[in-house]
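Read through the structure below, which is laid out as structure tokens, and then see the notes.
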Amino acid sequence: MTHLFVPGPVDVATEVLEAQNQRMLPHRSKEFEAIYKRCWEKARQLFNSQWRVFITTCSGTGLQEAAVRNLAQQDVLACVNGAFGKRWANVARSNGKQTEVLEFEWDQPVSPEMVRAVLRRKHFEMITIVHNETSTGLQNPINEIAAVVQEASPDTLICIDAVSSCGGVKIDMDGWGLDMVLTSSQKCLALPPGLGLAAVSDRALAYAETVPNRGWYFDLLLLEKHLNKDSTPATPALSLIYALDVQLDRILGEGLEARFARHSNMAQRVQEWALDKGFELYAAEGYRSRTVTTVKNNHNVNVADLNAFLMLRDMRIANGYGPLKGKTFRIAHMGETTLQDLEMLLEAFDEYLTSR
Ligand SMILES: Cc1ncc(COP(=O)(O)O)c(C=O)c1O
Numbered sequence: 010m011t012h013l014f015v016p017g018p019v020d021v022a023t024e025v026l027e028a029q030n031q032r033m034l035p036h037r038s039k040e041f042e043a044i045y046k047r048c049w050e051k052a053r054q055l056f057n058s059q060w061r062v063f064i065t066t067c068s069g070t071g072l073q074e075a076a077v078r079n080l081a082q083q084d085v086l087a088c089v090n091g092a093f094g095k096r097w098a099n100v101a102r103s104n105g106k107q108t109e110v111l112e113f114e115w116d117q118p119v120s121p122e123m124v125r126a127v128l129r130r131k132h133f134e135m136i137t138i139v140h141n142e143t144s145t146g147l148q149n150p151i152n153e154i155a156a157v158v159q160e161a162s163p164d165t166l167i168c169i170d171a172v173s174s175c176g177g178v179k180i181d182m183d184g185w186g187l188d189m190v191l192t193s194s195q196k197c198l199a200l201p202p203g204l205g206l207a208a209v210s211d212r213a214l215a216y217a218e219t220v221p222n223r224g225w226y227f228d229l230l231l232l233e234k235h236l237n238k239d240s241t242p243a244t245p246a247l248s249l250i251y252a253l254d255v256q257l258d259r260i261l262g263e264g265l266e267a268r269f270a271r272h273s274n275m276a277q278r279v280q281e282w283a284l285d286k287g288f289e290l291y292a293a294e295g296y297r298s299r300t301v302t303t304v305k306n307n308h309n310v311n312v313a314d315l316n317a318f319l320m321l322r323d324m325r326i327a328n329g330y331g332p333l334k335g336k337t338f339r340i341a342h343m344g345e346t347t348l349q350d351l352e353m354l355l356e357a358f359d360e361y362l363t364s365r
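Positions in the sequence shown are counted from 1; adding 9 to them yields our numbering.
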């Protein structure tokens, strides 16, 4: 069924699309509250967390904003090794936070040692790190970074963007001691865009009480007050919540471990294929994403031309992101995609390469 090998929005199963076509309910009703409760309780398993999960009407960026509005009065440390880490730093700055950027080459992981050095020099209320940089196909070692933060600056809140990993890669929120983990619906969860999900620790919520000007729409304390009644402060995207309810059953039915293994096997297959064809991989070895592979375009493939070829077969891949456009291309293997789908893509890619 899958034809979109782009890192979101991805293909959505027909059953999930159809789940949206149910009648509306008043959101202040027992019927809706039961659905919402089911959803946020099931969603906790995606994060491996005992904490609450807020389900919000926004894409991932909205929750990046929620994190900085609620969890820092002033000092944010933003780790940047790709476009989405950079976006989070910009979101923090544009919300008036004093944001120090700890920058790395985009093909290299965030270094725990560098994080330690910065935290020893200055106190930060929160640190932001992207788990899986969709722009580069690199997975940061969150467990190692979190361990360093806990040792060097135990009260710094650890905030993770898991937009392109949650549901495709294991995240051990409680085991790793994370304070806020956010994601959005249109990537590994294989839902239409429009929902944000964030698991938030008790100590993060307690800290939010000390932060002025949290805003209203993304005020975590207001969200918590309503979540205690299995509800939301404002009208939720009901149709998307219906779809989430069905999709979480499908995800948990597949089994999280099986799902993670499927993503990992696809990553391995694409990476082996790329190397076999004489391409190079962009991200440093040992840190390559399991949900999207960024390939260096050392054979000068015209990505638009390739996609025109693939689209005749109802498939498409993604160009490199931002400054990497043309220099790399990205093959996503997330959500509903299977190894079989991927074989179909690689076969077509091979055909394209020999036809050039
Ligand atoms: C890692 C990461 N963070 C944040 C975002 C922004 O998310 P959204 O487009 O859902 O606002 C994206 C989008 O691709 C992403 O890949």
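Glycine included, each C-beta is placed from N, C-alpha and C at the ideal position. As the structure is a prediction and not an experimental result, all values here were calculated from the model.
- request: Rounded to whole angstroms, what's the CA-CA distance from Ser144 to Trp97? Just pull it up for me.
  value: As a position in the sequence shown, residue 144 is number 135, starting the count at 1. As a position in the sequence shown, residue 97 is number 88, starting the count at 1. Roughly 13 Å separates the two Cα atoms.
message: Residues in the same chain with beta-carbon distance under 6 Å from Ala81, minus the five sequence neighbours each way, listed in chain order, please.
response: The residue you call residue 81 lines up with position 72 of the sequence shown. Around Ala81: Lys106, Glu134, Met135.
query: Between Thr66 and ligand 1, is the CB less than 6 Å from at least one heavy atom?
result: On the sequence shown, position 57 is the one that residue 66 refers to. Incorrect: Thr66 has no Cβ contact closer than 6 Å to ligand 1.
query: With respect to 6 Å, is the separation between the Cβ of Val172 and the closest non-hydrogen atom of ligand 1 below this value?
result: As a position in the sequence shown, residue 172 is number 163, starting the count at 1. Flag set: Cβ of Val172 near ligand 1.
query: Quick one: Cα of Val62 to Cα of Ser240, how far?
result: In the sequence shown, counting from the first residue as 1, residue 62 sits at position 53. In the sequence shown, counting from the first residue as 1, residue 240 sits at position 231. So the alpha carbons of these two residues sit roughly 12 Å apart.
message: What does the alpha-carbon distance come out to for the pair Trp49 and Ile64?
response: The residue labelled residue 49 in the question sits at position 40 within the sequence shown. The residue labelled residue 64 in the question sits at position 55 within the sequence shown. Cα-Cα distance, rounded: 7 Å.
task: Leaving aside the five residues before and after Pro137 along the sequence, list all residues of the same chain whose C-beta is less than 6 Å from its C-beta, in chain order.
output: For this step, residue 137 is matched to residue 128 along the sequence shown. Before going further, note that residue 137 is Thr rather than Pro in the sequence given. Closer than 6 Å at the Cβ level, and outside the excluded window around Thr137, lie Ala87, Trp97, Cys168.
task: Classify Met33 as helix, strand or coil using the three-state DSSP reduction.
output: Against the sequence shown, residue 33 aligns to sequence position 24. Met33: coil per DSSP, three-state reduction.
query: What does Thr303 pair with, by DSSP beta-bridge criteria?
result: Taking the sequence shown and counting its residues from 1, the one referred to as residue 303 is at position 294. Answer is Arg339, bridged to Thr303.
message: Rounded to whole angstroms, what is the Cα-Cα separation between Ser248 and Gly94?
response: Mapped onto the sequence shown, residue 248 falls at position 239. Mapped onto the sequence shown, residue 94 falls at position 85. Distance between the alpha carbons of Ser248 and Gly94 is about 30 Å.
field: Burial state of Arg130 (16 or more Cβ within 10 Å)
entry: If you number the sequence shown from 1, residue 130 lands on position 121. Classification for Arg130: exposed.
- prompt: How is the alpha helix (DSSP H) around Glu40 delimited, first residue to last?
  reply: The residue you call residue 40 lines up with position 31 of the sequence shown. Glu40 -> alpha helix (DSSP H) spans 39 to 56.
query: Tell me which same chain residues have a C-beta within less than 7 Å of the C-beta of Leu261, skipping the five on either side of it?
result: Position 252 of the sequence shown, counting from 1, holds the residue named residue 261. Excluding positions up to five away in sequence, the list reads Lys51, Gln54.
CB contact below 7 Å: Lys131 versus chain B: The structure shown has no chain B; it contains just one protein chain.
message: Using only the alpha-carbon positions, how far apart do Asn149 and Arg125 sit?
response: Translated into the one-based positions of the sequence shown, residue 149 becomes position 140. Translated into the one-based positions of the sequence shown, residue 125 becomes position 116. So the alpha carbons of these two residues sit roughly 15 Å apart.
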